[in-house]
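A.B. asks: One structure, as structure tokens, below. Some questions next.
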Amino acid sequence: AQSVTQPDIHITVSEGASLELRCNYSYGATPYLFWYVQSPGQGLQLLLKYFSGDTLVQGIKGFEAEFKRSQSSFNLRKPSVHWSDAAEYFCAVGDQTGANNLFFGTGTRLTVIP
Amino acid sequence: GAVVSQHPSWVICKSGTSVKIECRSLDFQATTMFWYRQFPKQSLMLMATSNEGSKATYEQGVEKDKFLINHASLTLSTLTVTSAHPEDSSFYICSARPRDEQFFGPGTRLTVL
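Taken in sequence, the protein lines are chains B and U. Counting the first sequence from 1 gives a position; this note's numbering is that position plus 1. Counting the second sequence from 1 gives a position; this note's numbering is that position plus 3.
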């Protein structure tokens, strides 16, 4: 069965510090992996996605993620966090291009302190 | 581009009444829209897939007679929660798919008293 685990419910980091949000997945076929960010009052915005090829993918807002098949992980990273990065982050796994049947993790809330 | 809106952003209703939530794609046409439900501290759960001009496809465990979906045009899908009860209180999110990516609306918070 498909599932996505985000083990960290809430993370607090200082502005300028590095960030890593964890995501582990279980999927029966080739996984198509996504990271979304949700700010209050706004819809989920796609940060980046992995379909195939280079396992280190670059996204918007300075985020990157690395696909590790052996660990069934797709962790999100940012070298230096900005206060505007405070939001809820969701990892998702889907089929084909991700246009259907997205399975979401429970999310990680990021707090950034000055 | 690729903006999806939802209306209302929040709604409070009495138990037993029906509530309609609209999902619009503002700058693109979408033959397919999706409806999700999100409980506090839980992930988004797909409720149904809405296809323009045809009946919606509901996920297992979702009551199609309770959650009525209409996708009458390429830019509008509606979700009607019929005879709402307190356990229907939740955050409802829609998305629209123009091609190979889903674009999400800001969500609608429903509170049933």
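Glycine included, every Cβ here is placed at the ideal spot set by N, Cα and C. Please read these numbers as outputs of a predicted model, since none were measured by experiment.
1. Quick check: the Cα distance between CYS26 of chain U and LEU49 of chain U, rounded to an integer number of angstroms?
2. With a threshold of 16 other CB atoms inside 10 Å of the CB of ARG70 of chain B, please say whether the residue is buried or exposed.
3. Step through the CB atoms of chain U and report whether any lies within less than 8 Å of the CB of ILE10 of chain B.
4. For PRO89 of chain U, return the contacting residues in chain B, with the cut-off set at a CB-CB distance below 7 Å.
5. Which residues, in order along the region 42-73 of chain B, keep a beta-carbon less than 9 Å from a beta-carbon of chain U?
6. Hey, is PRO11 of chain U's beta-carbon within less than 8 Å of any beta-carbon in chain B?
7. Taking Cβ positions only, does SER46 of chain U come closer than 8 Å to chain B?
8. DSSP state of ILE61 of chain B, grouped into three classes?
9. Using a threshold of 8 Å, state whether the C-beta atoms of CYS24 of chain B and VAL5 of chain B are closer than that.
10. Quick check on DSSP: helix, strand or coil for ASP86 of chain B?
11. Could you name the residues of chain U that THR107 of chain B contacts, counting a contact when the two beta carbons are closer than 8 Å?
12. Would you say PHE107 of chain U lies against chain B (beta-carbon separation less than 8 Å)?
C.D. replies: On the basis of the data shown:
1. For CYS26 of chain U and LEU49 of chain U, the gap between their C-alpha atoms comes out near 15 Å.
2. With fewer than 16 Cβ atoms within 10 Å of its Cβ, ARG70 of chain B is classed as exposed.
3. At least one chain U Cβ lies under 8 Å of ILE10 of chain B.
4. Contact annotation for PRO89 of chain U against chain B: no contact, minimum CB-CB distance about 23 Å [criterion: below 7 Å].
5. Against chain U - using a Cβ distance shorter than 9 Å - the residues of the region 42-73 of chain B are GLY42, GLN43, GLY44, LEU45, GLN46, LEU47, LYS50.
6. No - not a single Cβ of chain B is within 8 Å of the one on PRO11 of chain U.
7. Yes, because at least one Cβ of chain B sits closer than 8 Å to the Cβ of SER46 of chain U.
8. Helix at ILE61 of chain B.
9. Between CYS24 of chain B and VAL5 of chain B, the gap from beta carbon to beta carbon is short of 8 Å.
10. Helix, per DSSP.
11. At a C-beta separation below 8 Å, THR107 of chain B has these neighbours in chain U: LYS44, GLN45, SER46.
12. By this cut-off, PHE107 of chain U is an interface position.
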